[in-house]
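Chains as they are written, first to last, in this note's numbering: chain A, 47 to 131; chain B, 44 to 595.
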C-alpha cells in the first residue's frame, strides 16, 4: 500500500473532525471520533475524493468499516484509476 | 378529494382520468422505474390479491418493512384496497444487526398484532422471532409475478372513523406513539394543504424522505396521490451520500415541489459539487418542515444555489406534526421567508417575544411558519408576563387534528388540554403567523427525526461500564450542520471513558435509535444534576456542559 495515501486519508479525517492525526490509526472506527455520523461521512468522502482526485462509487458502504479499510479502498481506487481518454 | 372514496378512491379516480400520467418514478441506482396511474392500479391489485390469499381481511394490520423500492408503495395501497391497516416501519441500516434490531420492535409488533408482514426473504426470520407467538403470514418482496390482480376483489369501503394506516413516531419501546388517521382526517388535511401549496395533478414531487416518516408518507406519497400528481422517489441512503441526486431528479423531471427538514437544506449546500449545473427554477416550493426552520439555513441555501435558479420565494417554512396528519401552518409565498428578531433575555426569562431591530446583539431570529392552515386553530399557552407577545406551548385543534394516539390511552390522556392538542413545541403568534422557538418535551431533533432523551439514556444504559440512571442526553444547536447535535453525558467510576466504553455507548444508541450521538462525554460520579423529584435535569446539565466550554 502506498504510505502517502494512508497519510492523506488520516490528514483529511483529522481536518474534517477537528482531531489530531496522532489520534487516528488503522483500527480507528467512526464511533471513536466525535461527530462521525452518516452525514459527516459524506463530507469526509467528498473531501477525500477532491484531495485524491477520485470518485468513490459507493460512498455509503465505506462507513461500516475502520480507517484501515478506508485507506485500502482508496488505494484500490487509485491503483485501478486510468488516465482520462 | 371526496372523503368517502379515500386513498384507493383517489387512485382509481386518477387512473380513470389520467391513466398514463406517471404515478411513481423511482430511482434504482442508475435507472428509473416508472409506473403510470393505470399501472399503479394493477400493482396495487396484485398486492391486494397476494395479501388476500395470505388471509388478510378488512381491519387487520399489515406491517411493511422494506427499503426504498416500488413494492413499499404498492404493498401499502394493496393493504388499503382490502380495508386492512398498513404500517411502514424502518428497515435496519447496513450497520444494524437484524437479530439485535428487530427485538426492539417486539412491543410495537405485539401492539399491532399484524396479520401479515411484508419484507424481504433474508429478513423474514429475524422479524418472525420478534413476533414471538403472534401468528402472521409473511409476504416477500418483490412479489412473485404469479400474484394475479383479478383476485384482489373489489376495493373495500372504509367507514369514517376507521384508521386508514398507523404511523409511529421514532421513539423506542414504551414511548412510540402511533397516529391512525381516518379518511375524513386525511381528506381534510389534503383539502387544507392543497390550495395553500397550489397542488394539482400536474405537480411532480421529488423526495428522498423515508415513508415511515410523516413527511415522506403524507407529504410525498398520499397527498400527491390524492391530487393525481407524480412522485419522484429517491433512496434516503443514496441521498445522504450524494445529495446532488435530488438536484438531478428535479432537473430531469422538472419537479415542482420538494419537502425537506432544515438539515437537508444545509447538507445540500455543504456537499454541492463545484461544477453543479442543474436547473431548479421549475420548483414552486421547497417546503421546510419536521425540524425548526432556521433563517440562516434558508438564506444560505438560496445564496449557494441561486446560480441554479433557486429563489427566496420558493422557500416555504411549514409547521408540521403527525398529530395534524402532516401540516398545521404554512408560510405564504414571499420574496424571502419572513423572519422576526426578538430579544433573547425577554424570551428566556419573561416568556415574551419583544421584536428588536435587525443586528441587535442578544437577539434571536425566528422564521414565520405562516398562518394556520384552513380548519386548524392555533393558540399559545403562556404564563409569561410583561411587554411583548406571549411565548408558550403551541396548542392546536381543528378539522385535521387527531383525536388520540393509536391504542395508547395513557399518552392520549396527557396530550390534550380542554380539547386542544398540546404540541410540546414553544412559540409565539404575531398577527396570525406562527413562530416556533423551541419545545418543552424531552425531544432532540436530529436530522428531522424526533429522539426522546429518555430513550437515548435507556439505550446508553445498556452499555457495559455505564451506570443506568446516571446518564443525561440532550441536544445542542449547531448551525454548521443545520440540526441538533446529540450529546450524551455518562457517569463512570473514575470520570474517564475508555475508547471501548464510548464505542459501546454509541453502538447501543445507534442500534436502538438509528441515530449516532455526536459526542459521548464521561463525567465523574455525582456530576449529573437531578431535579428535586429525582428526575434527570437535562436543561441544567446542558447549561453546565455549555458553560464548561465542552460544547466545542
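Note that CB positions come from ideal geometry on N, CA and C, so glycine has one too.
Using beta carbons (cut-off 8 Å, strictly below), is residue i in contact with chain A?
| i | result |
| --- | --- |
| residue 305 of chain B | no |
| residue 541 of chain B | no |
| residue 561 of chain B | yes |
| residue 490 of chain B | yes |
| residue 594 of chain B | Only weak support exists for where residue 594 of chain B lies, its pLDDT of 45 falling under 50; the coordinates are left without a value. |
| residue 285 of chain B | yes |
| residue 554 of chain B | no |
| residue 349 of chain B | no |
| residue 545 of chain B | yes |
| residue 565 of chain B | no |
| residue 232 of chain B | no |
| residue 313 of chain B | yes |
| residue 116 of chain B | no |
| residue 550 of chain B | yes |
| residue 111 of chain B | no |
| residue 469 of chain B | no |
| residue 310 of chain B | yes |
| residue 524 of chain B | yes |
| residue 45 of chain B | Note that residue 45 of chain B scores 48 on pLDDT, short of 50, meaning its location in the model is unreliable; the coordinates nonetheless yield the value given after this. With 8 Å as the cut-off, residue 45 of chain B does not count as an interface residue toward chain A. |
Using 8 Å as the threshold, is the C-beta distance between residue i and residue j below it?
| i | j | result |
| --- | --- | --- |
| residue 380 of chain B | residue 410 of chain B | yes |
| residue 190 of chain B | residue 226 of chain B | no |
| residue 413 of chain B | residue 372 of chain B | yes |
| residue 589 of chain B | residue 513 of chain B | no |
| residue 279 of chain B | residue 111 of chain B | yes |
| residue 72 of chain A | residue 117 of chain A | yes |
| residue 181 of chain B | residue 160 of chain B | yes |
| residue 460 of chain B | residue 485 of chain B | no |
| residue 546 of chain B | residue 78 of chain A | yes |
| residue 207 of chain B | residue 123 of chain B | yes |
| residue 74 of chain B | residue 86 of chain B | no |
| residue 107 of chain B | residue 97 of chain B | no |
| residue 105 of chain A | residue 120 of chain A | no |
| residue 522 of chain B | residue 337 of chain B | yes |
| residue 388 of chain B | residue 402 of chain B | no |
| residue 479 of chain B | residue 362 of chain B | yes |
| residue 58 of chain A | residue 94 of chain A | yes |
Start and end of the beta strand (DSSP E) containing residue i?
| i | result |
| --- | --- |
| residue 65 of chain B | 65 to 71 |
| residue 76 of chain B | 74 to 79 |
| residue 440 of chain B | 435 to 441 |
| residue 160 of chain B | 159 to 162 |
| residue 363 of chain B | 358 to 363 |
| residue 183 of chain B | 180 to 183 |
| residue 238 of chain B | That residue, residue 238 of chain B, is in no beta strand (DSSP E); its alpha helix (DSSP H) goes 226 to 240. |
Across which residues does DSSP place residue i in a beta bridge pair?
| i | result |
| --- | --- |
| residue 308 of chain B | Paired residue(s): none; residue 308 of chain B is not in a bridge. |
| residue 303 of chain B | B:331 |
| residue 463 of chain B | B:460 |
| residue 517 of chain B | B:530 |
| residue 493 of chain B | B:488 |
| residue 477 of chain B | B:472 |
| residue 409 of chain B | B:383 |
| residue 573 of chain B | B:579 |
| residue 249 of chain B | B:275, B:301 |
| residue 130 of chain B | B:106 |
| residue 566 of chain B | B:534 |
| residue 420 of chain B | B:440 |
Step through the CB atoms of chain B and report whether any lies within less than 8 Å of the CB of residue i.
| i | result |
| --- | --- |
| residue 78 of chain A | yes |
| residue 84 of chain A | yes |
| residue 92 of chain A | yes |
| residue 62 of chain A | no |
| residue 105 of chain A | yes |
| residue 137 of chain A | There is simply no residue 137 of chain A to check, as chain A begins at 47 and stops at 131 in what is shown. |
| residue 89 of chain A | yes |
| residue 81 of chain A | yes |
| residue 56 of chain A | no |
Could you spell out the range, first to last residue, of the alpha helix (DSSP H) harbouring residue i?
| i | result |
| --- | --- |
| residue 116 of chain B | 113 to 124 |
| residue 270 of chain B | 266 to 270 |
| residue 144 of chain B | 141 to 144 |
| residue 104 of chain B | Looking at the DSSP string, residue 104 of chain B is not in any alpha helix (DSSP H); the run it does join, the beta strand (DSSP E), is 104 to 107. |
| residue 524 of chain B | No alpha helix (DSSP H) contains residue 524 of chain B, which DSSP labels as neither H nor E. |
| residue 154 of chain B | 149 to 155 |
Any contact between the segment 563 to 570 of chain B and the segment 536 to 553 of chain B? By contact I mean 3 or more CB pairs, one from each, below 8 Å.
Contact holds between the segment 563 to 570 of chain B and the segment 536 to 553 of chain B, because three or more Cβ pairs, one in each stretch, are under 8 Å apart.
Assess, as a yes-or-no matter, whether the segment 550 to 564 of chain B is touched by the segment 491 to 510 of chain B under the definition of 3 or more beta carbon pairs within less than 8 Å.
Note that the segment 491 to 510 of chain B touches the segment 550 to 564 of chain B; at least 3 beta-carbon pairs, one per stretch, sit closer than 8 Å.
Cβ pair count under 8 Å reaching 3, the segment 461 to 475 of chain B against the segment 436 to 450 of chain B:
Output reads yes: the segment 436 to 450 of chain B touches the segment 461 to 475 of chain B.
Stretch pair the segment 579 to 589 of chain B + the segment 170 to 186 of chain B: three plus CB contacts closer than 8 Å
The segment 579 to 589 of chain B vs the segment 170 to 186 of chain B: no contact.
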